[in-house]
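Protein sequence lines correspond, in order, to chains V and R.
Quick note on full-length UniProt numbering: the first sequence kicks off at 1 and runs consecutively.
Quick note on full-length UniProt numbering: the second sequence kicks off at 1 and runs consecutively.
Worksheet: the structure to be examined is printed underneath.
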Amino acid sequence: MSDRSIRQRPLHLAVEVSGAGLHPGAWRRPEAPGAGVFEAGYHIGLAETAARGHLDFLAVSDSFGPPGADPSALRGSLDAVAVAARVAPVVPGIGLVPTATVTHTEPFHLSKAIATLDFVSSGRAGWEPAVSRTQAEADLFGRKNSAAPTVLWREAAEAIEVVVRLWDSWEDDAEIRDVATGRFIDRDKLHYIDFSGEFFSVKGPSITPRSPQAHPLIVLRGDEPEALAVGARWADVVRIVAPSVAAAAGARRRVRAAVADAGRDPDVVAVLLDVEVLLSDNADAARRDLAELDGWAGELPPSTLRVIGTPAELADTLADAYAAGAADGFTAVPLALPGGLAAIADGVVPLLTERGLFRAGYDEGATLRGRFGLARPANPYAQGASA
Amino acid sequence: MSKKQVHLAAHFPGVNNTTVWSDPQSGSQTDFSSFVHFARTAERGLFDFLFLAEGLRLREHRGQIHDLDVVGRPDTFTVLGALAAVTTHLGLGGTINTTFNEPYELARQFASLDHLSGGRAAWNLVTSSDAFTGENFRRGGFLRPEERYERAGEILAAAKELWLSWADDAIVDDRGRGVFARDVPVVEHRGEQFSFRGRFGVPRSPQGHPVLIQSGDSDQGREFGAATADAIFSRHSTIEAGQAFYRDVKDRLPRYGRTDRDLTILPAATFILGDTEADAAERAEHVRRQQVGPQTAIAFLEQVWGRDLSAYDPDGPLPDVDPDPEGVSITRGRVRHEKDTLAVAKQWRELAEAKGGLSIRELIIETTARQSFVGTAKQVAAQIDEAVQADASDGFILIPHLVPGGLDEFVETVIPELQDRGAYRTAYTGTTLRDHLGLARPTSAHVPSPTARAS
Numbered sequence: 001m002s003d004r005s006i007r008q009r010p011l012h013l014a015v016e017v018s019g020a021g022l023h024p025g026a027w028r029r030p031e032a033p034g035a036g037v038f039e040a041g042y043h044i045g046l047a048e049t050a051a052r053g054h055l056d057f058l059a060v061s062d063s064f065g066p067p068g069a070d071p072s073a074l075r076g077s078l079d080a081v082a083v084a085a086r087v088a089p090v091v092p093g094i095g096l097v098p099t100a101t102v103t104h105t106e107p108f109h110l111s112k113a114i115a116t117l118d119f120v121s122s123g124r125a126g127w128e129p130a131v132s133r134t135q136a137e138a139d140l141f142g143r144k145n146s147a148a149p150t151v152l153w154r155e156a157a158e159a160i161e162v163v164v165r166l167w168d169s170w171e172d173d174a175e176i177r178d179v180a181t182g183r184f185i186d187r188d189k190l191h192y193i194d195f196s197g198e199f200f201s202v203k204g205p206s207i208t209p210r211s212p213q214a215h216p217l218i219v220l221r222g223d224e225p226e227a228l229a230v231g232a233r234w235a236d237v238v239r240i241v242a243p244s245v246a247a248a249a250g251a252r253r254r255v256r257a258a259v260a261d262a263g264r265d266p267d268v269v270a271v272l273l274d275v276e277v278l279l280s281d282n283a284d285a286a287r288r289d290l291a292e293l294d295g296w297a298g299e300l301p302p303s304t305l306r307v308i309g310t311p312a313e314l315a316d317t318l319a320d321a322y323a324a325g326a327a328d329g330f331t332a333v334p335l336a337l338p339g340g341l342a343a344i345a346d347g348v349v350p351l352l353t354e355r356g357l358f359r360a361g362y363d364e365g366a367t368l369r370g371r372f373g374l375a376r377p378a379n380p381y382a383q384g385a386s387a
Numbered sequence: 001m002s003k004k005q006v007h008l009a010a011h012f013p014g015v016n017n018t019t020v021w022s023d024p025q026s027g028s029q030t031d032f033s034s035f036v037h038f039a040r041t042a043e044r045g046l047f048d049f050l051f052l053a054e055g056l057r058l059r060e061h062r063g064q065i066h067d068l069d070v071v072g073r074p075d076t077f078t079v080l081g082a083l084a085a086v087t088t089h090l091g092l093g094g095t096i097n098t099t100f101n102e103p104y105e106l107a108r109q110f111a112s113l114d115h116l117s118g119g120r121a122a123w124n125l126v127t128s129s130d131a132f133t134g135e136n137f138r139r140g141g142f143l144r145p146e147e148r149y150e151r152a153g154e155i156l157a158a159a160k161e162l163w164l165s166w167a168d169d170a171i172v173d174d175r176g177r178g179v180f181a182r183d184v185p186v187v188e189h190r191g192e193q194f195s196f197r198g199r200f201g202v203p204r205s206p207q208g209h210p211v212l213i214q215s216g217d218s219d220q221g222r223e224f225g226a227a228t229a230d231a232i233f234s235r236h237s238t239i240e241a242g243q244a245f246y247r248d249v250k251d252r253l254p255r256y257g258r259t260d261r262d263l264t265i266l267p268a269a270t271f272i273l274g275d276t277e278a279d280a281a282e283r284a285e286h287v288r289r290q291q292v293g294p295q296t297a298i299a300f301l302e303q304v305w306g307r308d309l310s311a312y313d314p315d316g317p318l319p320d321v322d323p324d325p326e327g328v329s330i331t332r333g334r335v336r337h338e339k340d341t342l343a344v345a346k347q348w349r350e351l352a353e354a355k356g357g358l359s360i361r362e363l364i365i366e367t368t369a370r371q372s373f374v375g376t377a378k379q380v381a382a383q384i385d386e387a388v389q390a391d392a393s394d395g396f397i398l399i400p401h402l403v404p405g406g407l408d409e410f411v412e413t414v415i416p417e418l419q420d421r422g423a424y425r426t427a428y429t430g431t432t433l434r435d436h437l438g439l440a441r442p443t444s445a446h447v448p449s450p451t452a453r454a455s
């Protein structure tokens with residue numbers, strides 16, 4: 001059953017980037033960007049590489065987590081929504097999915113920021129909502145203490161609901177410009193959301209009209225049960241981690257079951273498996289590279305399936321995992337950048353394309369939702385559904 | 001040789017009746033292409049910066065969403081970040097309200113914008129005590145009016161502590177020895193409005209911190225601007241009022257160890273150009289009628305009268321009933337300037353009478369803001385130059401009435417005239433907004449307290 005559902009869809013391939021790569025030693029490699037991680041050019045280069053491989057999207061990871069005391073770590077990062085906005089107008093094709101955390105921020109601001117990213121990217125925006133778990137993050141705001149995952153994800157669920165309802169608070173044809181009556185908008189097509197929850201209340205409507213995709217792609221992690229429940233309700237894409245193909249297949253089944261339990265069709269939610277990658281022309285060189293990184297910064301234990309080897313080995317692993325029903329696609333997480341991304345776009349993608357597993361180019365003008373087979377959603381506030 | 005130079009900023013036409021949406025040339029207020037057109041025109045005109053206003057709740061009139069003006073706009077940070085991609089020199093500024101944001105997040109967003117734009121970010125710091133807008137935010141909106149500048153001062157101080165916490169040379173990127181960055185101190189802020197602690201997540205940005213703009217006109221606002229701002233927006237566009245404001249604010253600077261050059265004063269100004277003076281005047285009249293349509297005229301009148309006047313004919317005389325003093329909050333989400341509505345009504349009746357019996361619409365056209373500059377390109381350039389040379393201002397923030405092309409004609413015709421007069425740059429000479437404004441890069445996080453006035 002799940003195999004059939006998989007084969008009807010193309011394999012999805014995204015890449016997540018942060019800093020000089022996932023490995024804390026990556027900034028010491030000759031290819032590393034240095035202070036370039038704080039400049040637009042580096043991020044544009046990453047997005048261009050991802051677009052060259054016609055990947056589904058670039059996930060720009062982010063958190064409020066402050067720099068630590070260790071001068072040997074790459075410290076600091078830019079706001080991911082800002083990075084995505086800076087990249088969007090100059091890099092066509094690629095989807096852009098910044099992480100934006102919801103537990104110390106205003107859902108009203110988030111809603112219009114992601115909607116606006118959708119405008120400036122012509123429908124290529126996504127959003128990965130995340131929670132701030134640590135007391136160190138809470139201390140940067142000084143409003144409340146850190147909380148247990150169950151509380152954090154309850155708050156996240158409310159924030160996501162508010163964001164989505166604000167996205168829908170303008171009907172598509174609300175702007176009428178009716179000179180005869182002097183009306184710019186039909187106010188009956190703007191809707192107060194009147195959200196009142198455990199954590200906040202938000203009146204609405206948004207100040208920003210409905211965006212090209214209406215709902216930018218929502219990507220959520222489904223690793224912990226509290227998060228999975230939120231993803232089952234709201235996600236278009238669920239990211240999972242698993243140490244093996246077999247474990248991933250189990251995790252995917254759990255996600256699909258949760259989605260079904262939430263009353264949604266599991267086939268509309270793509271499950272992407274995180275794969276940590278460090279690639280080189282031959283497997284020995286890749287292993288030496290990892291040893292070097294570990295030597296600099298200490299060993300980084302794998303958090304999910306990891307491929308240290310050649311582009312061909314990664315292509316084989318992804319093809320096999322896909323065929324085994326372990327995932328609808330993958331989020332590659334390079335241990336080192338920018339080469340780790342280039343190796344995927346230029347080395348892995350051609351091999352997957354050759355096997356007929358991956359697209360050979362972008363469809364002109366396609367939205368990110370469209371790439372995942374998702375239609376532009378109808379507006380629940382239309383047809384007088386609201387009070 | 002060293003003629004005083006005119007500074008210009010470009011205000012993207014916003015959510016009020018200055019912006020004409022009924023004109024066939026009026027494009028989308030939301031599509032990014034409109035912002036790209038506007039920004040590139042401003043950059044072609046060598047403007048210092050582009051500016052986006054902010055309104056965090058849709059305005060209401062008589063309990064319903066106000067539908068006569070442009071409604072809707074995108075997120076300021078996101079548009080500015082995207083515009084950094086399609087421009088190279090133009091400064092990128094916006095209003096961000098301090099009431100509905102926390103200092104750490106704001107500081108991080110502005111520092112990110114400054115990095116990603118290569119040093120072109122500007123922040124118009126606004127603080128509202130507006131519970132109406134607060135209904136859209138988890139923190140609500142309640143702030144006692146007297147706390148506004150306290151909060152503004154404290155958030156600015158907190159943001160500066162964060163922005164300047166990394167040393168300029170903190171990043172050493174010594175790959176051999178394995179030292180990326182050193183000396184990133186923990187910022188600890190304890191105040192009335194905010195208390196937080198931690199290291200800032202963004203290195204010192206190209207401008208040190210964004211250019212700071214202030215727009216309050218009260219005594220307190222002027223003092224705050226003199227103490228903290230790099231630029232001030234004012235509403236005084238006539239020579240005399242401009243000179244009085246200019247002198248008043250610049251005379252406050254020495255109290256804070258600052259000089260005239262440290263603060264750029266930019267009154268808001270609208271303009272209408274024509275091939276001849278008569279042509280410009282005719283176009284100005286046409287635009288005024290577009291800005292004040294029949295329904296808008298009634299809505300304006302209702303703001304003063306505080307009651308439903310929809311039964312009145314906009315082309316007829318003023319209502320014979322008096323304003324309802326209890327109905328003053330008929331419009332929400334916009335700044336109101338009239339206080340004593342009975343007096344305003346009396347004055348308007350007298351004006352309508354004196355002008356030979358103005359209709360409601362004619363009266364509103366007469367009493368609401370007329371264009372600041374009307375004339376040929378040569379005349380408008382002369383008016384701008386003369387105002388700047390007379391120290392009525394250091395330049396202007398121009399508010400065109402059309403999106404996206406409202407700046408085109410100005411850039412094509414007035415800018416060359418200003419250049420001919422030796423009053424305007426012929427090329428950008430620097431890369432950051434601070435360069436354009438002639439401002440030094442800040443090094444100290446100290447925020448002088450505007451209340452500590454040397455008598």
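Where is the CB? At the ideal position from N, CA and C, for every residue including glycine.
*Starting from R199 of chain R, follow the beta strand (DSSP E) in both directions and report where the run begins and ends.*
S195 to R199
_Cross-strand partners of G309 of chain V (DSSP beta bridge)_ = V:L279
*Three-way DSSP call (helix, strand, coil) for A59 of chain V in this model*: strand
*DSSP beta-bridge partners for E128 of chain V?*
V:T99
*Per-residue DSSP class, three states only, for T264 of chain R*: strand
*Backbone CA spacing between A35 of chain V and A299 of chain R [nearest angstrom]*: 54 Å
*Does the Cβ of A39 of chain R lie closer than 7 Å to at least one heavy atom of the ligand NAD?*
The ligand NAD is absent from the structure shown, which contains no ligands of any kind.
*asked:* So D316 of chain V contacts chain R; which residues on that side make the cut at Cβ distance below 7 Å?
replied: Neighbours of D316 of chain V on chain R: none; closest Cβ ~33 Å, over 7 Å.
*Determine the contact status of L305 of chain V and A26 of chain V, defining contact as a CB-CB distance below 8 Å.*
no
*Given F200 of chain V as reference, the closest of V:A80, V:E155 and V:E48 once Cα atoms are compared*: V:E155
_F110 of chain R classed as buried or exposed, judged by whether at least 16 other C-beta atoms fall within 10 angstroms_ = buried
*Given D178 of chain V as reference, the closest of R:G293, R:F194 and R:D435 once Cα atoms are compared*: R:G293
*Starting from the C-beta of A312 of chain V, find all residues in its chain whose C-beta is less than 7 Å away, skip the five residues before and the five after it, and write them out in chain order.*
L351
*Measure the alpha-carbon distance for I6 of chain V versus A248 of chain V and round it to whole angstroms.*
With a pLDDT of 45 at I6 of chain V, under the threshold of 50, the predicted position of this residue should be treated as unreliable, and no value is reported.
*Check whether the Cβ atoms of L273 of chain R and A423 of chain R lie closer than 8 Å to each other.*
no
*Just mark D198 of chain V as buried or exposed, buried being the case when its beta carbon has 16 or more other beta carbons within 10 Å.*
Contrary to the premise, residue 198 of chain V reads as Glu rather than Asp in this sequence. That one is exposed.
*Confirm, please, whether the CB-CB distance from L363 of chain R to A352 of chain R is below 8 Å.*
yes
*Simplified DSSP state of V211 of chain R, which is helix, strand or coil*: strand
_Let me see if you follow: with CB-CB separation under 8 Å, is Y246 of chain R close to chain V or not?_
no
*How about L272 of chain V and G329 of chain V: are their beta carbons less than 8 Å apart?*
yes
*Can you give me, in chain order, the residues of the stretch 97-113 of chain V that have a beta carbon less than 8 Å from any beta carbon in chain R?*
H104, T105, E106, P107, F108, H109, K112 and A113
_Against V184 of chain R, what residues of chain V qualify as contacts under a CB-to-CB distance less than 7 Å, listed in chain order?_
P67 and R75
_Cα-Cα separation, P377 of chain V to G182 of chain V_ = 30 Å
*DSSP state of V374 of chain R mapped onto helix, strand, coil*: strand
*Taking the alpha-carbon positions, what's the D274 of chain V to L220 of chain V distance?*
12 Å
*Can you list, in chain order, the residues of its chain whose CB lies under 7 Å from that of V411 of chain R, leaving out five sequence neighbours each side?*
T41, R44 and G45
_R177 of chain V - containing beta strand (DSSP E), residue span_ = E175 to D178
_Residue interval of the beta strand (DSSP E) (run including W123 of chain R)_ = A121 to V126
*Can you name, in chain order, every residue of its own chain whose Cβ lies under 7 Å from the Cβ of Y362 of chain V, other than the five neighbours on each side?*
H54 and G93
_C-alpha distance - A385 of chain V paired with E171 of chain V, whole-angstrom precision_ = For A385 of chain V, the predicted model reports a pLDDT of 49, less than 50, meaning its position is unreliable and no value from the coordinates is stated.
*Is it the case that the Cβ atoms of A122 of chain R and G93 of chain R are separated by a distance below 8 Å?*
yes
*Could you tell me whether any Cβ in chain R is nearer than 8 Å to the Cβ of I185 of chain V?*
yes
_Counting only Cβ pairs nearer than 8 Å, list the residues of chain V close to D173 of chain R._
W27, G34 and A35
*Given a cut-off of 8 Å, decide if I193 of chain V and V162 of chain V are closer than it, judged by their beta-carbon atoms.*
yes
*Report the neighbours of I207 of chain V on chain R: residues whose CB is nearer than 9 Å to its CB, in chain order.*
V15, E54, G55, L56, R57, L58, V71, G72, R73, P74, D75 and N136
*Pairwise C-alpha distance: P98 of chain V and R453 of chain R*: At R453 of chain R the pLDDT is 42, less than 50, meaning the model places this residue with poor confidence and gives no usable figure here.
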